[in-house]
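For the sequence shown, full-length UniProt numbering begins at 1 and goes up steadily by one.
Built from N, CA and C at the ideal position, the CB exists for glycine as well.
The structure displayed is predicted, hence computed values, not measured ones.
Down below is the structure, laid out as structure tokens.
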Amino acid sequence: MTARTQTTLPETQRGPAERLLDVVLGGSAHLWHHRPGLDVNGTWVAAASADAKAQARGRKVAPGLFVPAAVKLYGQLLELHRLNPMLMAHFASYALTQTDWRDLKVATCALMLVQEHAGQPVRDGQGAIAFHDDDYRAIGEAMVLHYVRRSTRMLTPKAVLRVAELLETPEIARLNRAAGFGDPASRKPPLGRWKRVAQKWLAAREANLPMLQGLVKAGYKETLKRLARKAGYKPQSQGFFEVLGWKQKQADGGHRQVGLQGLTLVKRERFDGLSEAEICEWIELERLSYKEVVGRLPKDVGLTPAILATLLPSLSDRDLRLMTPTLEDLGLLQEPSVKARWERAVANATDQRSLNIAKNVRSEDVRRKLEEASDNAVKKAVAEATAETDVRVMFLIDKSGSMEGAIEQSKEALSRILAGFPMDKLHVAAFDTMGTVLQPKAPNRTAVQHMLAGLKASGGTVHAAGVHALHRSGVRIPAEAKLVVMVVGDEAGEAGDQFARAFHACGYSVAAMALLVSVAGARGNTVRSGAKQLGVPFSEVSVGQFADPYQVPRVLQALMDAPREAGASQSGWVDRVMSTPLLKVA
């Protein structure tokens, strides 16, 4: 259930609004990694793909939570909460129901469960209860309990467990104690309402055994056991233990009453001695998932094309994209039905991880399709951000001499994002002291790379030259449309008022302006001061953020959300966050 509250952010709260944008634009919300990595000055780098320089400078880190990133993100959320608790409450609700940022959901939920607004009574001068404080911890509870069948926008069992693991991390516990969320003298980390709501979450699954069985089939058996232990959950029936295949014994204190006698444990049997055909029959009969099967296969059989083909219905679109090299190795992408299913998964991509997967395939056609998946992720982000408004986008690319050493990074970032924009609403120009209009031959990554290939850093810097070049080429913006201007460069150049005058002279009414920072040396302030002169919202993000395959769609959504009202001084994306109904416990 949700409840509508304030939908606009007061002008006096622009500071918190800018900090909220920093959370999205300034760093990845990817906290957990499943591979060994390196800590290179607070940045996680995959150990297997790290270059010699990173290997020399980095510190080895085990798979799991990357603490430096967690501390940075949680610290940003804490500061946002300190400045504006209501904005933080809306952002937590938005993160869960409107995004696919899994680790961000965990971090925001953790904060909401421990922060100080817990519905406490506020007394008047005579000691009587005058009213109760806002209960924002209830939003954290609602985030855990939120359930929509077959939706990805709710917390998985692993995410519920990770909320506690994050709060138990010593560095995060210190931040919470410093914020006043727990007893500073206690050795135990502040967990707020986590145990209570985790027990409630488990009780709901125990009361609905088919749901619990579904989680086990999805591979969450051990996660559920760890969750129950950490929450101190006391099941009401033996069925809970039976579904989990969890043998029980009496505790030292002798207080256990359920699951000690007569348990009929549901165990996973290995497929040793079965033929490939028999294993496939078993999979179809029991409707087994990939996770249930892969660890039970006999060594002399292994994962064969027939077995994987039988398991395809249990794989998500994301699973299929990640398993592309395996599908190729087994020859399954030559099967029409499998290829059709895989192509649907490619079309539904929501991140750009497929660009990394493309490096591990042999087929040129498969590689091109994976690049299409990357483009599709950006197209979805742009479409969602512009669903309610006709938005036109103007990219101005700095290729002046000051960009020597940074122009190639700009090209790589642009190749990841430009293909996601409708060509009739995208206008691109490069500039030094002269502007040059650019037009990709097709709406895909290859065409964008071809368009940018000839750009070389040289000459002076006049941002306005790019604006005038587009106007001379016939670019006109409909009166009802909103123009978002994105400048790529170091913003060193002419005075901001001169840049702003170029838009007025060309008849362009700017709704919002963003800077994709790519700096080889010093940087200037042309773009931000130009935005100030125009009186429009300004955002900036480092082009380095576009190297994160999960970050590209979320950054574009924040940058593309133009304000709904003409002349608004705050980001339209912040308006969208504030209009998200607050989650409530059903």
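Nonlocal neighbours in the same chain, by C-beta distance under 7 Å from residue i, ignoring five residues either side
i    : result
T7   : Caution is warranted here: a pLDDT of 41 is assigned to T7, below 50, making its placement in the model unreliable, and the coordinate value is therefore given only provisionally. Contacts found: M578, S579.
P16  : L80, L83, N84, L87
V462 : F431, T433, G493, E494
A50  : L38, G58
E480 : D390
T386 : M560
A160 : Note on residue identity: the sequence assigns Val, not Ala, to residue 160. The residues are V144, A198, W201, L227.
D209 : Checking the sequence shown, residue 209 turns out to be Leu, not Asp. Hits under 7 Å: G239, V243.
T310 : C280, I283, E284
V24  : R554, V555, A558
Three-state class that DSSP yields for residue i in the structure shown
i    : result
W32  : strand
F181 : coil
G42  : coil
M394 : strand
T580 : coil
F538 : strand
V378 : helix
V61  : strand
V585 : coil
G489 : strand
G37  : strand
E269 : coil
T310 : helix
A47  : helix
G245 : coil
Q236 : coil
Y220 : coil
V475 : coil
G572 : helix
R19  : helix
K188 : coil
A198 : helix
E206 : helix
G75  : helix
E494 : coil
R287 : coil
Nonlocal neighbours in the same chain, by C-beta distance under 6 Å from residue i, ignoring five residues either side
i    : result
D134 : H117
S314 : S289, Y290
E11  : Its pLDDT being 44, under 50, E11 is placed unreliably in this model, and the coordinates cannot settle the point.
V428 : F395, L438
K333 : Lys is not the amino acid found at residue 333; the sequence shown has Leu there. Contacts found: L327, K339.
G530 : G496, F499, A500
Test item: CB-CB of residue i and residue j under 7 Å
i    : j    : result
K399 : A430 : yes
V391 : V467 : no
L31  : A54  : no
P443 : A413 : no
D490 : S410 : no
R367 : A358 : yes
A520 : G405 : yes
L583 : S93  : yes
K482 : A511 : yes
E165 : V67  : no
A464 : A502 : yes
R177 : P184 : yes
D317 : N348 : yes
V163 : A110 : yes
R472 : E371 : no
F421 : V448 : no
A107 : Y74  : yes
P549 : D351 : yes
G524 : A469 : no
A89  : K105 : no
Chain-order list of residues whose beta-carbon lies under 8 Å from that of residue i (same chain, five-residue window excluded)
i    : result
R137 : M112, L113, V114, Q115, H117, A118, G119, G192, R193
K158 : Y220, T223
I417 : V378, F546, V552, L556
R341 : L312, L320
A3   : Low per-residue confidence applies at A3: pLDDT is 40, beneath 50, and the placement is therefore not dependable, though the value from the model is reported in the following sentence. Within the same chain, A3 has close Cβ partners P581, L582, K584.
K217 : R287, L288, S289, E292
R344 : D317
Counterpart residues of residue i in DSSP-defined beta bridges
i           : result
residue 605 : Because the chain in this structure spans residues 1 to 586, residue 605 falls outside the shown range and cannot be described.
Residue i Cβ short of 6 Å to the ligand NAP heavy atom set
i    : result
G521 : Looking at this structure, you won't find the ligand NAP or any other ligand, since it has none at all.
Contiguous alpha helix (DSSP H) assignments of at least 4 residues, all confined to the region 82-159: If one requires a minimum length of 4 residues, the alpha helix (DSSP H) runs lying completely within the region 82-159 are 85-98, 102-114, 137-145, in chain order.
Along the chain, which unbroken stretches of the alpha helix (DSSP H) at least 4 residues long are found entirely within the UniProt domain "VWFA" (393-472)? As for any alpha helix (DSSP H) of minimum length 4 sitting wholly inside the UniProt domain "VWFA" (393-472), the runs are 407-417, 445-452, 463-472, ordered along the chain.
Taking the runs of the beta strand (DSSP E) that are 3 residues or longer, which of them lie wholly in the region 500-564? Inside the region 500-564, DSSP marks whole beta strand (DSSP E) runs of 3 or more residues at positions 510-517, 538-542, from first to last along the chain.
In chain order, each alpha helix (DSSP H) run of at least 4 residues that lies wholly inside the region 301-375: Every unbroken stretch of the alpha helix (DSSP H) spanning 4 or more residues and falling wholly within the region 301-375 is given here in chain order: 305-311, 317-322, 324-329, 336-347, 354-357.
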